[in-house]
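The structure appears right after this line, and notes come after that.
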Amino acid sequence: MASTTQIPVPPATRVAPSSKPSKQGRGRGRARPNFLGGLGGWLWLAVIIVPIYYVVVTSLKNQAGFFTSNPMLPPAEPTLDNYKLVLENDFAMYFVNSLLVTVGSVVPALLVSFMAAYAIVRGKSRFLGWTNKLFLLGLAIPLHATIIPIYWMITKAHLYDTLLALILPSIAFAIPISVLILSNFMRDVPNELFESMRLDGCSDWAMMWRLALPMTRPAVVTVGIYNALGVWNGFLFPLILTQSPSTRVLPLSLWTFQGEFSVNIPAVLASVVLATLPLLVIYVVARRQLISGLTAGFSK
Amino acid sequence: MSVSSASSRRVLERGPSGWLAAPALFFFLLFAIIPLAGVFFLSFTKWDGLGEIKLDGFSSWTTVLTDPVTGNALWVTAKIMFFSFIVQAPISLLLGVFTSASQKYRAVLAVLYFVPLLLSSAAVAIAYKALLDPNFGLGPGLGIPFLAQDWLGNSDLVLFVVVFVIAWQFVPFHTLIYQGGVRQIPASLYEAAQIDGAGRVQQFFAITLPQLKYTIITSSTLMVVGSLAYFDLVFVLTGGGPGYSTRLLPLHMYLTGFKANDMGAASALGVILVVIGLALALILQRLGGKNRNASQLEGA
Chain A
1 MASTTQIPVP PATRVAPSSK PSKQGRGRGR ARPNFLGGLG GWLWLAVIIV PIYYVVVTSL
61 KNQAGFFTSN PMLPPAEPTL DNYKLVLEND FAMYFVNSLL VTVGSVVPAL LVSFMAAYAI
121 VRGKSRFLGW TNKLFLLGLA IPLHATIIPI YWMITKAHLY DTLLALILPS IAFAIPISVL
181 ILSNFMRDVP NELFESMRLD GCSDWAMMWR LALPMTRPAV VTVGIYNALG VWNGFLFPLI
241 LTQSPSTRVL PLSLWTFQGE FSVNIPAVLA SVVLATLPLL VIYVVARRQL ISGLTAGFSK
Chain B
1 MSVSSASSRR VLERGPSGWL AAPALFFFLL FAIIPLAGVF FLSFTKWDGL GEIKLDGFSS
61 WTTVLTDPVT GNALWVTAKI MFFSFIVQAP ISLLLGVFTS ASQKYRAVLA VLYFVPLLLS
121 SAAVAIAYKA LLDPNFGLGP GLGIPFLAQD WLGNSDLVLF VVVFVIAWQF VPFHTLIYQG
181 GVRQIPASLY EAAQIDGAGR VQQFFAITLP QLKYTIITSS TLMVVGSLAY FDLVFVLTGG
241 GPGYSTRLLP LHMYLTGFKA NDMGAASALG VILVVIGLAL ALILQRLGGK NRNASQLEGA
């Protein structure tokens, strides 16, 4: 029966470039310790860590402590009051707004980009070739240069100051890079697999979900992470397309918070820590997936 | 199978319907291509962002092209593009090679290197504003008078501060790209080189660098075109100041449109931004050769 099309996927054909290389580093590293490289590595660690350390330490100081103690030393009496202050200032609402906008943009963007990538890779029509070229063009254009017409369209559609105003252009801006990465991966799926499914009478819709999707999962993860980071941390759309506190997202809230509490640096930095915390938790939990996904997607 | 070969060929030649690409195309046309046309159109109008849009011929263009601030913004953008490339490219390349090796401590360092990827530009800018404070920041904290300068208030220094903060935020991403690229270099190349008695530096220049050609092009393109998008970081960090010393083109566009309420002139600046982005992408594409995907397969 046609419905029993089970495609066995041999591990060797799985699309994961990171699995191809062998451990070439081992041979090089063992030869002789690389002191210069190690020194550079630790130096860069300092460059990365010092600002983060400063932010965390300062966010735990009270205001008097901030003005009197050494800026680089941990507080004598650590306090969580700054965090309390940030949380009392609608932080949860901004967080939920950010979450809604991120999920609301990334999921549809992934869906439409995946369908488009499938059509572009498997299709033969001139229309699809033209569509692909258009998306590639989108990669070269600094899309935020179009923010003024977008602002006009959003106000005309009476979407100004709504979360949808952030979601719609975010979907569009995510499409070019998503289609590029997804179609690069989809080209590696052996043609014979598609052909045997086709001969079994499968529709494109079925092949897309039962063959292309499982085979390109690393790319889907990559694209999802990359877009989610971009939308979650996005600043320009919220700055221009929203206004009121009820539609404020986290990055914008940091900026307004900085304006409101400009003298209370520890509280401002506590807001920075709180806004980063959700992503940090995800990073700690799913680090391997995150890094290998991004590496796989961009080194193709 | 009961299917005759003629009809099976017909089945196989059937590509997926172009409709699968339609949703992505729809979003992209609506929120990227139409605004792109819109920004050209609006550059020939007069509009304050709220009232009527009036056709106004070339007057916005005359304003923009005769305004010395435009030239200054282009110059600042070029400087930041140049310096941030010069700083970021070698660091991320070396860190990519460093982290791709398999020593345990390098893997641990890599985990920390990637943390800035998680922060929004707004968060990074706010953190650095506090960190660079001459009275309560890094300088007095470490007791190093050199670091206690008015980094953000000195127009001779501020550009380099911006370049540094950009590097801090974006080197991790490019390190990741290079790490992925290095891991795809076949180990046999290094083994052969070792048998031939090539040292570490020789191996780097004879194998790693040429093998990374396409990774270098990808990363450089993203770096250079991306530097047209350093809006949010600079906006929060310096606001373009002091004076006009860090007023990048995208920032100049935003301030002209949404602060000075001259959307016509801002649109003209948007057009300039689009043209520069396209030109840069085309040049870099040329440098990289025509068929990137095919050449990459050759390398592997």
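Residue numbers (UniProt numbering), protein chains in the order written: chain A, 1 to 300; chain B, 1 to 300. Note that beta-carbon positions come from the ideal geometry of N, C-alpha and C, so glycine has one too.
#1: Go to B:Val201, then tell me how far its alpha helix (DSSP H) extends in each direction, as first and last residue.
#2: Which partner residues does B:Thr45 have in the DSSP bridge list?
#3: Going by Cα to Cα distance, which pick from A:Val55, A:Phe35, A:Ser178 is closest to A:Ser271?
#4: When the Cα atoms are used, what is the spatial distance from A:Lys20 to B:Gly240?
#5: With a cut-off of 8 Å on the beta carbons, I'd call B:Leu117 and B:Pro172 a contact; round off their distance for me.
#6: Are the C-beta atoms of B:Val274 and some chain A residue less than 9 Å apart?
#7: Whose CA, out of A:Leu45, A:Tyr94, A:Leu213, lies closest to the CA of A:Ser183?
#8: Rounded to whole angstroms, what is the Cα-Cα separation between A:Asn89 and A:Gln258?
#9: In chain A, which residues lie less than 8 Å from B:Trp168 when you measure between Cβ atoms?
#10: Would you call the segment 113-129 of chain B and the segment 36-53 of chain A touching, i.e. three or more CB-CB distances under 8 Å?
#11: If contact means a Cβ-Cβ distance below 7 Å, which residues of the segment 92-117 of chain A contact chain B?
#12: Using 9 Å as the threshold, is the C-beta distance between B:Gly181 and A:Asn70 below it?
#13: I need the straight-line Cα distance from B:Leu176 to B:Ser100, nearest angstrom please.
#14: Kindly confirm or deny that the segment 179-198 of chain B and the segment 153-167 of chain B touch, where touching means at least three C-beta pairs closer than 8 Å.
#15: Is it buried or exposed for B:Phe114, if we count other Cβ within 10 angstroms and need 16 for buried?
#16: Does DSSP put A:Thr155 in a helix, in a strand, or in coil?
#17: I'd like to know whether the C-beta atoms of A:Met186 and A:Val107 end up nearer to each other than 9 Å.
#18: If contacts are defined as beta-carbon pairs under 8 Å, then B:Leu74 and B:Leu249 qualify, I think. What distance do you get, rounded to the angstrom?
#19: Mind checking whether B:Val76 and B:Tyr244 have CB atoms under 9 Å apart?
#20: Grab the span of the alpha helix (DSSP H) containing B:Gln194 for me, first residue to last.
#21: Please go through the same chain and pick out, in chain order, the residues whose beta-carbon is closer than 6 Å to the beta-carbon of A:Asn62, but skip the five residues on each side of it.
#22: Over what stretch of residues does the alpha helix (DSSP H) that includes B:Gly71 continue unbroken?
#23: How long is the line joining the alpha carbons of B:Tyr230 and A:Ser203, rounded to whole angstroms?
#24: Output yes if chain B places a C-beta closer than 9 Å to the C-beta of A:Arg210; else output no.
#25: Below 6 Å CB to CB, which residues in the same chain sit around A:Pro75 once its five sequence neighbours on both sides are set aside?
#26: Quick check on the DSSP output: the alpha helix (DSSP H) that includes B:Thr238 runs from which residue to which?
#27: I want to see whether chain B comes within less than 9 Å of A:Pro21, judged by CB atoms only; does it?
#28: Can you check whether the CB of A:Leu166 is closer than 9 Å to the CB of A:Thr276?
#29: What three-state label does DSSP hand B:Thr63 in the structure shown?
#30: Does A:Asn233 come within less than 9 Å of chain B when only Cβ atoms are used?
#31: Is the beta carbon of A:Ala174 less than 9 Å from the beta carbon of A:Gly230?
#32: Consider the Cβ of A:Asn82: report whether some Cβ of chain B lies at a distance smaller than 9 Å.
#33: Could you round the C-beta distance between B:Met263 and B:Asp48 to whole angstroms and report it? I think they count as a contact, below 8 Å.
#34: With a cut-off of 9 Å, does the C-beta of A:Ala286 fall near any C-beta of chain B?
#35: In angstroms with no decimal places, state the Cα-to-Cα distance between B:Leu287 and B:Ala148.
If we stick to the structure as given:
#1: 200-203
#2: B:Leu55
#3: The residue among A:Val55, A:Phe35, A:Ser178 with its C-alpha nearest the C-alpha of A:Ser271 is A:Val55.
#4: Unreliable placement is indicated for A:Lys20, whose pLDDT of 39 sits below 50; no coordinate value is reported for it.
#5: 5 Å
#6: yes
#7: A:Ser183 has its Cα closest to that of A:Leu213, out of A:Leu45, A:Tyr94, A:Leu213.
#8: 12 Å
#9: Val47, Ile48, Pro51
#10: yes
#11: For chain B, the residues of the segment 92-117 of chain A that bring a beta carbon within less than 7 Å of one of its beta carbons are Val112, Ser113, Met115, Ala116, in chain order.
#12: no
#13: 9 Å
#14: no
#15: Residue environment for B:Phe114: buried (at least 16 other C-beta atoms within 10 angstroms of its C-beta).
#16: helix
#17: no
#18: Rounded to the nearest angstrom, the Cβ distance from B:Leu74 to B:Leu249 is 6 Å, consistent with a contact under 8 Å.
#19: yes
#20: 187-195
#21: Within the same chain, and ignoring the five residues on either side of A:Asn62 in sequence, the residues whose Cβ sits closer than 6 Å to its Cβ are Thr79.
#22: 68-100
#23: 45 Å
#24: no
#25: Leu60, Lys61, Gly65
#26: No alpha helix (DSSP H) contains B:Thr238, which DSSP labels as neither H nor E.
#27: Note that A:Pro21 scores a pLDDT of 42, beneath 50, so its modelled location is shaky; the value from the coordinates is reported in the next line. It does: the Cβ of A:Pro21 has a partner Cβ on chain B nearer than 9 Å.
#28: no
#29: helix
#30: yes
#31: Going by beta carbons, A:Ala174 and A:Gly230 fall inside the 9 Å limit.
#32: no
#33: That belief holds up - the Cβ atoms of B:Met263 and B:Asp48 are roughly 7 Å apart, short of 8 Å.
#34: no
#35: 43 Å
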